[in-house]
Amino acid sequence: MQSSTPQYINISAYKFITFNDTAEKRPEFLAICQQLNLKGTILLTPEGINLFLAGLRHEIDGFMDWLHTDPRFSDVVAKESISDSQPFTKLLIKLKAETITMRMPLIRPEDGRAPFVAPTTLKRWLDQGHDDTGRPVVMVDTRNDFEVDVGSFNNTVDFRIKKFTEFPEVIAANKDELNDKTVVTFCTGGIRCEKAAIHMQNVGYEHVYQLEGGILKYFEEVGGDHYHGDCFVFDYRTALNPQLEATDTEQCYACRAVVTPREQLSPYYIPGKSCPHCKKQCREEITPTVEIEAKLA
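All residue numbers for the sequence shown refer to full-length UniProt numbering, where the first residue is 1 and numbers rise by one.
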């Protein structure tokens, strides 16, 4: 017997393409999404589009059919996952300067991508411990530290960056250590690692690839081999497992920290109000004051 519960299709997609009429197009994007009852976020920028949307099957298909009528976006292919409820609470159509902020204006993916590796090829490389030329493979996570903490590839290089604008500096500082290896950059859906790989080429890295489609595409085509944990996503599902299913991981809406199921057992975890990370931060902020008062006494 088929379930009567509607399934929501969650899509993510991006494309780097000259898009100088974003202000004029914004009302059109807003109108079609409202008409189709879609929720999520669409970023319109001079360098392209980046979107995360959710809706019922016919609503998502209707949006993609509409998007493809613009020749600039006729070849956009969205990554999909399914949820039993709408993971977004509202619709946002934003005009931004960049699809993902890096502040490196010379990076123009539209003019040419860095080499990419397909998920199935990457799995084979990781299975055998080297690429097809025999060179060691190193995975470089381009995401922010709190995303990495939810899950990542095994033995990945994690620079603990707080925001993507920090990536150029840390990758330049580690060039000597990584340049004799095959470096594969990766992120959630491909957009950050695409810019990252191009920047690495620009600063002299010789053997660098981006993971085509990011972690979500890897999960879709390969599963969880060589990966531990889940993948953080920027909606109310918080994290997806390698089967692209929502997990019990939550995000604290007070401090924005990721809260694992184990951490949710803490008395400091009050949904929507606080979590153990809030308590730890509070203690760290209070402790210096207590020490000063003790010295004065």
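Even glycine gets a Cβ: it sits at the ideal position worked out from N, Cα and C. From a predicted model like this one, the values you see are computed outputs, not experimental measurements.
Residue i - partner residues in DSSP beta bridges
i	result
I107	Looking at the DSSP assignment, I107 forms no beta bridge with any residue, so it has no partner.
L30	Per DSSP, none; premise fails for L30.
residue 340	A question about residue 340 goes unanswered here, because the residues of the chain that appear run from 1 up to 297.
residue 352	In the structure displayed, the chain extends from 1 to 297; residue 352 sits before or after that span and is not available.
I93	I42
A246	L240
G48	F16 and T45
Y8	S83
F116	Q210
F153	Y227
S274	I270
Three-state secondary structure (DSSP) of residue i
i	result
E232	In the sequence as presented, Glu is not what sits at residue 232; that position holds Phe. Of the three classes helix, strand and coil, the one that applies to F232 here is strand, per DSSP.
G189	coil
V259	strand
A13	strand
K162	coil
K25	helix
E212	coil
F19	coil
V148	helix
I82	strand
I100	coil
Y253	coil
D75	coil
F167	helix
T121	helix
N174	coil
Y218	helix
H130	coil
H199	helix
F63	helix
Span separating the alpha-carbon of residue i from that of residue j
i	j	result
K273	T260	16 Å
E212	K15	13 Å
L36	A257	33 Å
F219	H228	12 Å
I107	P242	31 Å
I60	I9	7 Å
K79	P168	27 Å
R135	L67	41 Å
T142	R192	7 Å
T164	A196	The amino acid at residue 164 is misidentified as Thr; the sequence shows Phe. Computed Cα separation, rounded: 9 Å.
R160	G214	19 Å
G129	K175	21 Å
P271	T99	31 Å
P105	K90	31 Å
G223	I11	18 Å
N179	K39	42 Å
C278	C255	6 Å
P267	D248	17 Å
P276	A31	41 Å
V117	T188	15 Å
E293	F146	Unreliable placement is indicated for E293, whose pLDDT of 40 sits below 50; no coordinate value is reported for it.
N155	T121	18 Å
Buried/exposed call for residue i, threshold 16 Cβ in 10 Å
i	result
S152	buried
E291	Residue confidence is low: E291 scores 42 on pLDDT, short of 50, so the model does not pin down where it sits. Its coordinate-derived value is still stated next. By the neighbour-count rule (16 or more Cβ atoms within 10 Å), E291 is not buried but exposed.
P71	exposed
F58	The amino acid occupying residue 58 in the given sequence is His; Phe does not appear at that position. Exposed, since its Cβ has fewer than 16 Cβ neighbours within 10 Å.
E206	exposed
L265	exposed
N50	buried
residue 300	Since the first and last residues shown for the chain are 1 and 297, residue 300 lies out of range.
V170	exposed
L92	exposed
Q34	exposed
A97	exposed
T45	buried
K217	buried
L95	exposed
Whole-angstrom C-beta distance between residue j and residue i, which should lie under 8 Å
i	j	result
F19	G48	6 Å
A172	V208	In fact, because the Cβ distance is near 13 Å, the residues do not count as touching under 8 Å.
Q7	I82	5 Å
P119	E221	4 Å
8 Å Cβ cutoff, residue i in contact with chain D
i	result
F219	The structure shown contains no chain D, having only a single protein chain.
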